[in-house]
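**Student:** Residue 1 is where the sequence shown starts when you use the UniProt record's numbering, and the numbers rise one by one after that.
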Amino acid sequence: MLDLIDEIFSFGLVIFLILSTIFSLVFTTKLSQKIPEKTRLWLMYPLYFGFTYVIVSLTHATLGIVMLTYVPALVAIIFDDFIVAVVVSLVKPVITLAFLYLVYPNEIHNLMMSFEISWLTLAAVMMLFRQWGNHAWTYYVAAIVLALLEDELGLIGPTFSLGIAVLTIASYIAVVSFMLYLNKHLISDEEAYLAELNIDPLTGLFNLRAFKDDLDTVNTTVDHDEYLLLIMDLDKFKELNDTLGHDVGNHVLKAVGDKTNELLGMNFPESDFKVYRFGGEELICVIKNRGNICRLAAQIAHLFNELNEELSQYTRDTHEMGVSFSAGVSSNVWNEFDHDETFKHADNLLYQAKRAGGQQIILDDKAISCADCDRYKTGIITIK
1 MLDLIDEIFS FGLVIFLILS TIFSLVFTTK LSQKIPEKTR LWLMYPLYFG FTYVIVSLTH
61 ATLGIVMLTY VPALVAIIFD DFIVAVVVSL VKPVITLAFL YLVYPNEIHN LMMSFEISWL
121 TLAAVMMLFR QWGNHAWTYY VAAIVLALLE DELGLIGPTF SLGIAVLTIA SYIAVVSFML
181 YLNKHLISDE EAYLAELNID PLTGLFNLRA FKDDLDTVNT TVDHDEYLLL IMDLDKFKEL
241 NDTLGHDVGN HVLKAVGDKT NELLGMNFPE SDFKVYRFGG EELICVIKNR GNICRLAAQI
301 AHLFNELNEE LSQYTRDTHE MGVSFSAGVS SNVWNEFDHD ETFKHADNLL YQAKRAGGQQ
361 IILDDKAISC ADCDRYKTGI ITIK
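1. Tell me Tyr-227's beta-bridge partners as DSSP assigns them.
2. Tell me, please, whether the segment 287-305 touches the segment 191-207 by the rule of three or more beta-carbon pairs shorter than 8 Å.
3. Given a cut-off of 9 Å on the beta-carbon distance, is the pair Leu-100 and Tyr-172 in contact?
4. DSSP three-state call for Phe-278: helix, strand or coil?
5. Hey, could you find the ends of the alpha helix (DSSP H) Ala-136 is sitting in?
6. May I have the straight-line CA-CA distance separating Lys-30 from Asp-364, to the nearest angstrom?
7. With the cut-off set at 9 Å, would you say Leu-253 and Leu-303 are in Cβ contact?
8. So, at 7 Å on beta carbons, what are the nonlocal neighbours of Gln-359 in its own chain, with the 5 sequence-adjacent residues on each side left out?
9. Once the 5 residues before and after Cys-285 are set aside, which same chain residues still bring their CB inside 6 Å of it?
10. With DSSP as the reference, label Phe-337 as helix, strand or coil.
11. May I have the straight-line CA-CA distance separating Thr-62 from Ile-78, to the nearest angstrom?
12. Provide the residue span of the beta strand (DSSP E) that contains residue 397, from first to last.
13. Taking Val-252 as part of the alpha helix (DSSP H), name the residues at either end of that continuous run.
14. Buried or exposed: Ala-367, going by 16 or more other Cβ atoms within 10 Å of its Cβ?
15. Could you tell me the alpha carbon to alpha carbon distance between Gly-50 and Val-71, rounded to whole angstroms?
16. Taking just the CA atoms, how far does His-185 sit from Thr-260?
17. Pick helix, strand or coil for Ile-8, following the three-state DSSP scheme.
18. What runs of the alpha helix (DSSP H), each 4 residues or longer, lie entirely inside the segment 169-225?
19. Please name the residue or residues paired with Leu-283 in a DSSP beta bridge.
20. Assign Val-56 to one of three DSSP states: helix, strand, or coil.
21. Report buried or exposed for Thr-39, applying the criterion of at least 16 other Cβ atoms within 10 angstroms of its Cβ.
22. Please report how far the alpha carbon of Ala-298 lies from the alpha carbon of Asn-289, in whole angstroms.
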């Protein structure tokens with residue numbers, strides 16, 4: 001009875017160490033991704049190798065067998081990049097071999113045979129991940145394979161038993177299930193946190209940070225995605241705030257954001273446009289081009305002309321003071337796919353519209369090459 005209690009206590013101690021290892025390595029891995037790569041490698045490799053050795057020595061001392069020593073390698077496979085996972089996985093048998101050689105120096109031949117089997121099998125596992133990527137089933141396959149490799153001496157020596165193999169496989173499957181659960185919640189929490197950082201709390205639109213992140217992403221892509229950029233600014237917004245108060249101003253600003261999103265959503269797929277609050281009363285719309293860029297510019301001019309009229313009528317009805325906006329429209333197609341120049345050009349067109357009295361939409365002069373633009377030269381639309 002005492003022996004059974006001692007074994008249960010020893011196994012509980014091992015489980016505590018495994019959980020501590022997982023939490024320590026996972027959160028350190030997540031944090032280390034924010035620091036330079038060289039520093040991260042100097043930090044992470046000693047941790048991976050150190051935890052591996054601690055698990056090897058503790059399980060052997062408490063249980064009499066070596067088990068769950070691939071847990072750091074599994075953390076690297078699931079949470080870190082592929083190269084780190086390969087290095088940690090292949091170094092693990094070296095650590096186990098060194099420890100067992102000190103304990104069983106006369107079994108060196110058996111240990112070396114086991115070492116070679118481990119390396120060949122690990123190479124096959126890494127090829128599995130390279131071929132099929134990160135899927136749940138690949139992690140469970142890896143868990144079973146690593147469990148069978150667990151006790152190198154036991155695979156070919158007298159310590160191997162079916163009971164130990166079953167316990168090891170079950171333990172690895174439980175560990176992988178826990179890691180996948182942890183990874184799922186970490187990803188969802190991270191996505192929610194990033195989404196909150198990228199959303200303007202007043203309007204619910206994307207904010208300046210999101211715009212800069214998206215622009216950086218576009219700048220690093222090889223393919224040139226064509227898009228139209230519209231920068232709009234509410235006319236006489238300061239006068240509105242001074243006359244009716246900031247609460248009304250905030251209400252109008254949110255209404256503009258909602259109506260802009262609704263307008264674009266009725267005419268384009270959700271994945272083809274984004275609306276950002278750039279600051280104050282200024283909004284930015286980015287619309288992907290799926291056809292003729294000039295025709296898209298004409299369509300946007302027409303739609304935002306209607307939006308201007310609708311907004312003016314809405315604010316007169318609700319606040320007895322008509323509110324309109326001015327806008328400048330350009331495209332990366334007309335600016336040699338230079339995103340900074342595209343923004344500057346659209347911004348200059350916006351201020352031309354403001355200086356001309358407001359309530360105008362000024363298109364890039366290259367949009368005039370599209371015959372469809374002639375249909376929208378009436379009213380408050382200005383084609384430059």
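We treat Cβ as the ideally placed atom computed from N, Cα and C, and that holds for glycine.
**Tutor:** For this structure:
1. Counted from its first residue, the sequence shown places residue 227 at position 227. Lys-288.
2. Put simply, the segment 287-305 does not touch the segment 191-207. Fewer than three CB pairs are less than 8 Å apart.
3. Taking the first residue of the sequence shown as 1, we reach residue 100 at position 100. Taking the first residue of the sequence shown as 1, we reach residue 172 at position 172. For Leu-100 and Tyr-172, no; Cβs fall outside 9 Å.
4. As a first step, residue 278 must be located in the sequence shown, where it is residue number 278. Reduced to three states, the DSSP call for Phe-278 is strand.
5. If you number the sequence shown from 1, residue 136 lands on position 136. In the DSSP assignment, Ala-136 falls within the alpha helix (DSSP H) that extends over 136-148.
6. As a first step, residue 30 is located in the sequence shown; it is residue number 30 there, counting from the start. As a first step, residue 364 is located in the sequence shown; it is residue number 364 there, counting from the start. In a straight line, the C-alpha of Lys-30 is about 45 Å away from that of Asp-364.
7. Taking the sequence shown and counting its residues from 1, the one referred to as residue 253 is at position 253. Taking the sequence shown and counting its residues from 1, the one referred to as residue 303 is at position 303. The answer is no: Cβ separation not under 9 Å.
8. By 1-based counting over the sequence shown, the position of residue 359 is 359. For Gln-359, where only same-chain residues beyond five positions count, the Cβ hits under 7 Å are Asp-235, Asn-308, Ser-324, Ser-326, Ile-380.
9. In the sequence shown, residue 285 corresponds to position 285, counting from 1. Closer than 6 Å at Cβ, skipping near neighbours: Leu-230, Val-275.
10. Stepping through the sequence shown from its first residue, residue 337 is reached at position 337. Reduced to three states, the DSSP call for Phe-337 is coil.
11. Locating residue 62 in the sequence shown gives position 62, where the first residue counts as 1. Locating residue 78 in the sequence shown gives position 78, where the first residue counts as 1. Each residue's Cα considered, the two are about 28 Å apart.
12. The chain is shown from 1 up to 384; residue 397 falls before or after that span and cannot be answered.
13. As a working mapping, residue 252 is identified with position 252 in the sequence shown. Secondary structure note for Val-252: its alpha helix (DSSP H) is the uninterrupted segment 246-267.
14. In the sequence shown, residue 367 corresponds to position 367, counting from 1. Per the 10 Å Cβ criterion, buried.
15. The count along the sequence shown starts at 1 and reaches residue 50 at position 50. The count along the sequence shown starts at 1 and reaches residue 71 at position 71. Rounded to the nearest whole angstrom, the C-alpha separation of Gly-50 and Val-71 is 12 Å.
16. One-based indexing of the sequence shown puts residue 260 at position 260. One-based indexing of the sequence shown puts residue 185 at position 185. Straight-line Cα distance between these residues: approximately 34 Å.
17. One-based indexing of the sequence shown puts residue 8 at position 8. Helix, per DSSP.
18. Here the runs fully enclosed are 208-220.
19. The residue given as residue 283 occupies position 283 in the sequence shown. DSSP lists Met-232, Arg-277 as partners of Leu-283.
20. Start at 1 with the first residue of the sequence shown, and residue 56 comes out as number 56. The answer is helix: DSSP assigns Val-56 an H, G or I state.
21. Here residue 39 corresponds to residue number 39 of the sequence shown, with the count starting at 1. It counts as exposed.
22. Residue 298 sits at position 298 when you count from the first residue of the sequence shown. Residue 289 sits at position 289 when you count from the first residue of the sequence shown. Cα to Cα, Ala-298 sits roughly 12 Å from Asn-289.
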